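Those protein sequences? They're chains A and B, same order as listed.
Sequential numbering of the first sequence, starting at 32, is according to the working numbering.
Sequential numbering of the second sequence, starting at 32, is according to the working numbering.
We put the beta carbon where it would ideally sit given N, CA and C, even for glycine.
Values in this document were obtained by computation on a predicted structure and should not be read as measured data.
There are 2 protein chains.
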Amino acid sequence: MRGFPRDEFESRVARAQALMDAQGLEALLLTTEPEIRYYTGFLTRFWESPTRPWFLVLPATGAPIAVIPSIGAHLMGQTWVEDIRTWAAPDYEDDGISLLADTLIEVTRDDGWVGLADQMESHVRMPRAALKQLEKRLGSRALVSDGGVTRDLRLVKSDAEIAKIRTAIDVAARAFDRVPEIAAAGVPLEKVFRDFQRLCLEEGADWVPYLAGAAGQNGYHDVISPATEAPLQSGDVLMLDTGLIVDGYFCDYDRNFSLGPPNPVVQSAHARLIEATAAGFEAAKPGAVISDLFHAMAGVIGAEGSAGRLGHGLGLQLTEWPSIIAADHTVLQPGMVLTLEPAVETTDGKLMVHEENIVIREDGAEWLTTPEPDAIRVIS
Amino acid sequence: MRGFPRDEFESRVARAQALMDAQGLEALLLTTEPEIRYYTGFLTRFWESPTRPWFLVLPATGAPIAVIPSIGAHLMGQTWVEDIRTWAAPDYEDDGISLLADTLIEVTRDDGWVGLADQMESHVRMPRAALKQLEKRLGSRALVSDGGVTRDLRLVKSDAEIAKIRTAIDVAARAFDRVPEIAAAGVPLEKVFRDFQRLCLEEGADWVPYLAGAAGQNGYHDVISPATEAPLQSGDVLMLDTGLIVDGYFCDYDRNFSLGPPNPVVQSAHARLIEATAAGFEAAKPGAVISDLFHAMAGVIGAEGSAGRLGHGLGLQLTEWPSIIAADHTVLQPGMVLTLEPAVETTDGKLMVHEENIVIREDGAEWLTTPEPDAIRVIS
């Protein structure tokens with residue numbers, strides 16, 4: 032089934048309102064795709080267009096109010112949101128700001144606080160000048176930090192959300208299994224990238240927002256570069272890392288492949304990555320903290336202190352709070368979905384990266400991906 | 032050839048610096064993907080991850096300075112940018128802010144102005160709390176409006192940029208021509224969407240950030256909804272609207288298809304859309320203003336005043352400045368790439384939309400897409 036039953040959204044809103052109450056927030060203002068989708072189910076690829084701002088107001092009680100461009104009224108009308116206020120965007124004089132201000136004033140008291148995301152991983156998706164206009168119009172009401180309300184709620188996934196993430200993961204698994212159909216010495220990396228996205232779609236992805244990867248002898252220099260025209264060569268390690276979407280939820284994991292028999296450096300690095308991932312998995316129990324996972328993995332890859340982050344949250348977005356770094360002391364709770372993503376240096380400044388997805392359960396971690404064995408996949 | 036020669040970027044920077052000088056800006060601070068890519072060529076899909084902020088500082092003279100997470104150092108090192116300053120992001124205490132502040136202070140004077148995008152279609156891609164931290168650290172230096180410097184430069188494309196947009200358009204054209212392979216009565220719309228993205232990849236898209244569309248008798252209710260499981264039916268109008276990317280540049284246009292012989296309502300609406308597009312094309316000459324295009328098209332579709340926007344800029348992003356609305360008086364200049372996107376109501380609140388892409392030349396508009404004839408495409 033696509034989407035969620037209404038009570039999923041009611042539950043999210045009720046939990047948000049409890050946290051808002053504890054912080055003295057009389058409303059939340061949401062401006063970004065994942066925030067608005069989290070509370071409404073409003074799913075569209077139209078966010079790719081930067082022209083129009085979109086707003087959701089979550090009052091202290093009751094359902095959210097959408098304050099959106101009229102082009103979105105029909106689609107928002109299919110969600111559980113009933114109070115939908117629109118304007119003809121783009122409006123060069125007043126692009127929804129007075130409508131938004133009136134709505135916020137309606138649901139808050141004089142001197143009331145309106146929470147707006149302001150912490151790491153967030154941004155305010157509206158023009159800076161419009162935000163200043165809004166603050167002016169709000170008068171005695173203040174736009175304050177949301178204290179991470181939405182971020183904290185999104186940390187813990189419902190069973191329905193976990194099922195969607197698992198569906199995305201299973202689609203990617205079938206695509207990874209078909210990589211030998213598309214990768215061989217002589218094939219340009221950019222063609223492998225195109226064909227891998229095609230495989231993801233054939234296996235059931237709605238779309239493929241993210242694909243990174245690389246190929247090289249003994250590893251690769253980074254994991255964020257786009258594909259080049261350079262052909263794969265015998266002996267290369269090929270890494271593909273995908274974030275594909277099914278019904279609005281991401282997977283995010285990679286697989287490494289050796290073109291021909293792996294050399295000992297590559298095989299040994301791969302085995303170490305698998306060992307590190309397993310160590311992270313073992314440490315991932317309710318009550319542990321995120322830094323425990325970091326130290327467990329860093330202990331295996333032997334790069335503690337310089338290893339960057341070794342995983343992160345996953346769900347509505349490719350990467351979500353928290354980051355698996357030494358400084359993160361978030362307590363693990365059942366329902367948290369995480370990636371475990373250790374990296375090791377091989378030779379000449381090159382590296383290899385491995386990534387799996389897990390969910391925290393009452394009695395420990397559960398694999399969402401089927402964990403890779405020590406031996407790297409070989410394309411012969 | 033992927034990318035651009037170095038002089039393309041030097042020219043962009045020189046023009047930006049001339050505009051900055053005229054406004055008294057001693058530096059620009061860029062935070063979003065298209066802004067940073069415009070001046071550097073830094074192309075990655077890693078922006079899909081919201082975790083890390085990325086910064087580019089453009090001083091009053093000389094080349095830009097990248098202030099970025101260390102994970103991007105290798106890729107940025109392959110652009111023409113030489114001054115690359117990195118930090119180990121995410122850093123929960125100081126996520127690049129002191130490094131950025133030091134850089135801005137280094138290239139500006141006491142009381143100097145740093146320009147930051149603040150107008151429509153822009154946002155600041157960093158946490159609101161971090162932006163406040165930055166302003167505090169800058170002391171007497173002020174973050175002021177960039178006055179639209181980068182937006183205005185991006186309005187006019189170079190021949191090299193236009194060539195890339197044309198390549199993307201040609202890829203989509205071949206995919207549109209193959210729609211009869213994938214669409215037929217009984218096929219769920221979500222499968223058509225998947226298969227159309229596959230066709231785009233097969234024909235040469237690097238990726239497909241945007242696909243919208245709809246299907247229904249006599250038209251459709253909106254153009255931003257995701258695909259449903261509902262099967263296509265004989266007599267449906269199917270519309271597919273894609274923004275695919277080749278080498279970092281978008282196309283953005285649609286095609287309508289009738290499943291079986293079109294009924295008169297649909298054929299007549301389609302012909303009117305083509306007529307409106309042609310009227311917009313005729314009006315699109317250097318020296319005309321954007322509102323002239325709006326009125327030319329609105330005159331044909333007979334919905335002046337309620338027609339929403341009838342097209343927009345196109346390039347690094349799916350939609351760019353300006354919007355083709357009555358309130359936009361931007362003067363057309365050679366090198367501007369626009370979409371013409373009229374819509375008409377058919378019956379029962381349904382609509383049909385048509386979209387073509389053009390470039391403004393010295394002597395008038397030139398089609399980048401091959402304009403559609405009056406007759407709607409028929410899938411038999």
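Contact under 9 angstroms by Cβ, residue i with residue j
{"i": "Arg83 of chain B", "j": "Pro36 of chain B", "result": "no"}
{"i": "Leu349 of chain A", "j": "Ser101 of chain B", "result": "no"}
{"i": "Glu149 of chain A", "j": "Asp177 of chain A", "result": "What sits at residue 149 of chain A in the sequence shown is Asp, not Glu. Contact flag set, yes."}
{"i": "Gly344 of chain A", "j": "Val277 of chain A", "result": "no"}
{"i": "Phe77 of chain B", "j": "Leu60 of chain B", "result": "no"}
{"i": "Trp58 of chain A", "j": "Val88 of chain A", "result": "It is worth fixing the name first, because residue 58 of chain A is Ala in this sequence and not Trp. It is a contact, given that the beta carbons lie within the stated cut-off."}
{"i": "Leu242 of chain B", "j": "Leu271 of chain B", "result": "yes"}
{"i": "Leu232 of chain A", "j": "Asp226 of chain B", "result": "yes"}
{"i": "Thr110 of chain A", "j": "Thr71 of chain A", "result": "yes"}
{"i": "Ile389 of chain B", "j": "Gly366 of chain B", "result": "no"}
{"i": "Thr181 of chain B", "j": "Tyr69 of chain B", "result": "yes"}
{"i": "Leu186 of chain A", "j": "Val210 of chain A", "result": "no"}
{"i": "Thr63 of chain B", "j": "Arg156 of chain B", "result": "yes"}
{"i": "Ala300 of chain A", "j": "Asp267 of chain A", "result": "no"}
{"i": "Pro240 of chain A", "j": "His154 of chain B", "result": "no"}
{"i": "Met51 of chain B", "j": "Gly179 of chain B", "result": "no"}
{"i": "Gly318 of chain B", "j": "Ile355 of chain B", "result": "no"}
{"i": "Ala119 of chain B", "j": "Arg168 of chain B", "result": "no"}
{"i": "Ala307 of chain A", "j": "Val331 of chain A", "result": "yes"}
Distance, residue j Cα to residue i Cα
{"i": "Ala327 of chain B", "j": "Arg43 of chain B", "result": "33 angstroms"}
{"i": "Gly395 of chain A", "j": "Glu137 of chain A", "result": "46 angstroms"}
{"i": "Tyr251 of chain B", "j": "Pro257 of chain B", "result": "13 angstroms"}
{"i": "Ile193 of chain B", "j": "Glu351 of chain B", "result": "14 angstroms"}
{"i": "Glu335 of chain A", "j": "Gly103 of chain B", "result": "Legend: pLDDT at Glu335 of chain A = 49, less than 50; position of this residue unreliable, value from coordinates given subsequently. Rounded to the nearest angstrom, the two C-alpha atoms are 20 angstroms apart."}
{"i": "Gln164 of chain A", "j": "Ser129 of chain A", "result": "9 angstroms"}
{"i": "Thr400 of chain A", "j": "Val362 of chain A", "result": "22 angstroms"}
{"i": "Gly55 of chain A", "j": "Leu162 of chain A", "result": "22 angstroms"}
{"i": "Gly341 of chain B", "j": "Ile96 of chain B", "result": "Sequence check: residue 341 of chain B is Leu here, not Gly. Taking the straight line from one Cα to the other gives about 38 angstroms."}
{"i": "Asp237 of chain B", "j": "Gly244 of chain A", "result": "13 angstroms"}
{"i": "Ile196 of chain A", "j": "Ala329 of chain B", "result": "45 angstroms"}
{"i": "Ala203 of chain B", "j": "Ala173 of chain B", "result": "45 angstroms"}
{"i": "Thr139 of chain A", "j": "Pro90 of chain A", "result": "8 angstroms"}
{"i": "Thr377 of chain A", "j": "Glu124 of chain B", "result": "30 angstroms"}
{"i": "Ala206 of chain B", "j": "Trp144 of chain B", "result": "48 angstroms"}
{"i": "Pro293 of chain A", "j": "Ser189 of chain A", "result": "41 angstroms"}
{"i": "Ala261 of chain A", "j": "Val218 of chain A", "result": "8 angstroms"}
{"i": "Ala94 of chain A", "j": "Ala160 of chain B", "result": "28 angstroms"}
{"i": "Arg116 of chain B", "j": "Met107 of chain B", "result": "10 angstroms"}
Interface partners of residue i on chain B, CB under 9 angstroms
{"i": "Asp272 of chain A", "result": "Within chain B, no residue comes near Asp272 of chain A; the closest Cβ sits about 10 angstroms away, beyond 9 angstroms."}
{"i": "Ser176 of chain A", "result": "Arg159, Ala160"}
{"i": "Arg225 of chain A", "result": "Leu232, Glu233, Gly235, Ala236, Asp237, Trp238"}
Cβ separation of residue i and residue j, assumed to be a contact under 8 angstroms, to the nearest whole Å
{"i": "Leu263 of chain A", "j": "Ala216 of chain A", "result": "5 angstroms"}
{"i": "Leu304 of chain B", "j": "Ala315 of chain B", "result": "Incorrect: roughly 16 angstroms between the Cβ atoms, too far for contact."}
{"i": "His360 of chain B", "j": "Val320 of chain B", "result": "5 angstroms"}
{"i": "His105 of chain A", "j": "Asp253 of chain B", "result": "4 angstroms"}
{"i": "Leu220 of chain A", "j": "Thr273 of chain A", "result": "Wrong, their Cβ atoms sit about 15 angstroms apart, outside the cutoff."}
{"i": "Leu371 of chain B", "j": "Glu387 of chain B", "result": "5 angstroms"}
{"i": "Ala199 of chain B", "j": "Leu275 of chain B", "result": "6 angstroms"}
{"i": "Gly339 of chain A", "j": "Ala374 of chain A", "result": "7 angstroms"}
Cross-chain neighbours of residue i in chain A, by beta carbon under 7 angstroms
{"i": "Asp149 of chain B", "result": "Pro158, Arg159, Ala160"}
{"i": "Glu77 of chain B", "result": "For the record, residue 77 of chain B in the displayed sequence is Phe; it is not Glu. In chain order: Ala243, Ile255."}
{"i": "His252 of chain B", "result": "His105"}
{"i": "Ser354 of chain B", "result": "Thr82, Pro121"}
{"i": "Leu74 of chain B", "result": "Pro257"}
Contact list for residue i against chain B, beta-carbon separation under 8 angstroms
{"i": "Val138 of chain A", "result": "Result: empty, since nearest Cβ-Cβ is about 21 angstroms, beyond 8 angstroms."}
{"i": "Ile362 of chain A", "result": "The sequence given here has Val at residue 362 of chain A, not Ile. Those do not exist, as Val362 of chain A stays about 16 angstroms from chain B at its closest Cβ, beyond 8 angstroms."}
Closer than 9 angstroms at the beta carbon, the chain A residues around residue i
{"i": "Tyr69 of chain B", "result": "Ordered by position in chain A, no residue passes the 9 angstroms Cβ test against Tyr69 of chain B, which lies about 14 angstroms from the chain."}
{"i": "Ala358 of chain B", "result": "Pro121, Asp122, Tyr123, Glu124"}
The ligand NAD heavy atom lying under 8 angstroms from the CB of residue i
{"i": "Val331 of chain B", "result": "The ligand NAD is not part of the structure shown, which contains no ligands of any sort."}
Amino acids of chain A, ordered along the chain, whose beta-carbon sits closer than 8 angstroms to that of residue i
{"i": "Val155 of chain B", "result": "His154, Val155, Arg159"}
{"i": "Gly339 of chain B", "result": "Ser101, Ile102, Ala119"}
Chain-ordered neighbours of residue i on chain B, where CB pairs are closer than 7 angstroms
{"i": "Pro240 of chain A", "result": "Glu79"}
{"i": "Arg229 of chain A", "result": "Arg229, Leu232, Glu233"}
{"i": "Thr350 of chain A", "result": "Ser80, Pro81, Thr82"}
Checklist entry - When the Cβ atoms of the stretch 397-411 of chain A are set against those of the stretch 284-300 of chain A, are three or more pairs found closer than 8 angstroms? => result yes
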